[in-house]
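Notes follow once the structure below has been shown.
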Amino acid sequence: MAERTLIIVKPDAVQRHLIGRIIARFEEKGLQLVAAKLLQISEDEVRQHYAAHKGKPFFEPAVKFMSTAPSLVMIWQGEGVINMARKMIGTTLGFEAAAGTIRGDFGRSERYNLIHGSDSPEAAEKEIEMFFASDEILDYEFSDANWLYVQGDSPKK
Ligand code: ATP
Ligand code: MG
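Counted from 1, the sequence shown has number 122 at position 139 by the numbering used here; the numbering is strictly sequential.
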């Protein structure tokens, strides 16, 4: 099965009308959307999602930020998608993120950094399970798959 990652278009991006432009970046890259949900993430879910950051000074404000307005939660699929998406997203702080990345192009804030992407296969698996049942994740082929990606090419080579 191809690799999958959990992407969250965060509340600031939804409020700033950036959903379409963010989705376009992943579509244009040739990655495959296999599940999506617009929802308001609960405080408990955010606490679980960011459990590794418990106790850090930004933890409580981040919980509030992520749970006070709707987010778009998605699964994107493709060989190497986890690292690819993190590169497309850019580094954490908007004012430092490189131009050409989503955070670098659309944001300048620390907390309000528009988008989340899983940072490892283990995190992706856990995060996907938290938001989606297995029957909500679709399996389908792109008709142009052979023009997007040469089977056997590995992003690790
Ligand atoms: P994410 O996990 O949301 O994809 P990330 O992996 O780039 O982001 P983390 O270190 O996991 O960054 O931080 C989780 C979230 O906490 C950040 O996305 C941001 O909203 C918030 N955050 C992180 N560092 C800071 C900071 N120095 N000041 C304010 N908020 C921060
Ligand atoms: Mg993180």
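Glycine is no exception: its CB is placed at the ideal position from the N, C-alpha and C atoms.
Please read these numbers as outputs of a predicted model, since none were measured by experiment.
Identity of the residue in the options nearest residue i by Cα
i: Val56; options: Gly13, Ile120 and Phe125; result: Ile120
i: Phe41; options: Tyr95, Ala128, Ala18 and Ser25; result: Tyr95
i: Ala35; options: Lys109, Ser117, Val133 and Gly135; result: Lys109
i: Leu16; options: Gly87, Arg8 and Gly135; result: Arg8
i: Leu22; options: Arg86, Lys39, Tyr33 and Val(-3); result: Val(-3)
Proximal residues to residue i (C-beta, below 8 Å), its chain only, five neighbours per side dropped
i: Thr84; result: Lys70, Met71, Ile72, Gly73 and Thr74
i: Ser25; result: Ser50
i: Arg30; result: Lys37 and Val46
7 Å Cβ shell around residue i - same chain, five flanking residues per side excluded
i: Ala(-15); result: Gln60, Gly61 and Glu62
i: Ile149; result: Residue coverage of the chain in this structure runs from -16 to 140, which leaves residue 149 outside it and unanswerable.
i: Asp102; result: Arg69
Beta carbon of residue i nearer than 8 Å to that of residue j
i: Leu14; j: Val64; result: yes
i: Ala80; j: Pro(-6); result: no
i: Ile162; j: Ser54; result: Because the chain is modelled from -16 through 140, residue 162 falls outside the range shown and cannot be assessed.
i: Glu10; j: Met113; result: no
Own chain residues within Cβ distance below 6 Å of residue i, not counting five before or after
i: Phe115; result: Ala18
i: Glu93; result: Leu76
i: Gly90; result: Gly77, Asn96 and Leu97
For residue j and residue i, the rounded distance between their alpha carbons
i: Lys20; j: Leu131; result: 26 Å
i: Pro82; j: Asp122; result: The question names Pro, but residue 82 in the sequence shown is Ala. So the two alpha carbons sit approximately 33 Å from each other.
Inset, instruction - Decide yes or no for the touch test of the region 0 to 11 against the region 124 to 135: beta carbon pairs closer than 8 Å, at least 3 of them. - result: no
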